[in-house]
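Numbering (this note's numbering), first residue to last: 29 to 126.
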């Protein structure tokens with residue numbers, strides 16, 4: 029049984045997906061009024077003991093290492109895609125698979 033997580037990167041912070049315990053499956057850019065707001069990444073979990081690192085971009089803060097257990101898990105990528113595409117509701121709000 030595979031499990032997946034959804035992480036995001038914004039102008040303020042970056043979620044590090046270059047991790048041997050995660051396999052990035054897909055990226056989706058979210059645009060609001062023509063401006064990219066977030067990149068969502070779907071990752072397959074290869075090791076449940078891993079930690080997710082979040083780094084500051086626009087703000088300076090120490091790297092934050094978060095245990096994987098605090099992230100919601102999904103049984104399939106289809107479940108996650110359904111969540112992502114709920115943001116794609118009109119011309120001002122678009123999701124684009126990268």
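Backbone N, C-alpha and C fix where the C-beta goes; we use that ideal spot for every residue, glycine too.
When you compare each of the options to residue i by their alpha carbons, which one comes out closest?
i, options, result
"residue 47", "73, 115, 91", "73"
Could you spell out the range, first to last residue, of the alpha helix (DSSP H) harbouring residue i?
i, result
"residue 74", "Counting along the chain, residue 74 falls outside any alpha helix (DSSP H), and DSSP gives it neither H nor E."
"residue 43", "No alpha helix (DSSP H) holds residue 43; the beta strand (DSSP E) holding it covers 41–43."
Please report the distance separating the alpha-carbon of residue i from that of residue j.
i, j, result
"residue 105", "residue 70", "7 Å"
"residue 51", "residue 81", "15 Å"
"residue 38", "residue 89", "15 Å"
"residue 120", "residue 79", "35 Å"
"residue 125", "residue 102", "19 Å"
"residue 84", "residue 36", "13 Å"
Could you spell out the range, first to last residue, of the beta strand (DSSP E) harbouring residue i?
i, result
"residue 122", "121–125"
"residue 51", "50–60"
"residue 33", "32–37"
"residue 108", "Premise fails: residue 108 lies in the alpha helix (DSSP H), 105–113, not in any beta strand (DSSP E)."
"residue 81", "79–84"
"residue 117", "Counting along the chain, residue 117 falls outside any beta strand (DSSP E), and DSSP gives it neither H nor E."
Using the DSSP secondary-structure output, state which residues sit across from residue i in a beta bridge.
i, result
"residue 92", "82"
"residue 68", "36, 56"
"residue 63", "60"
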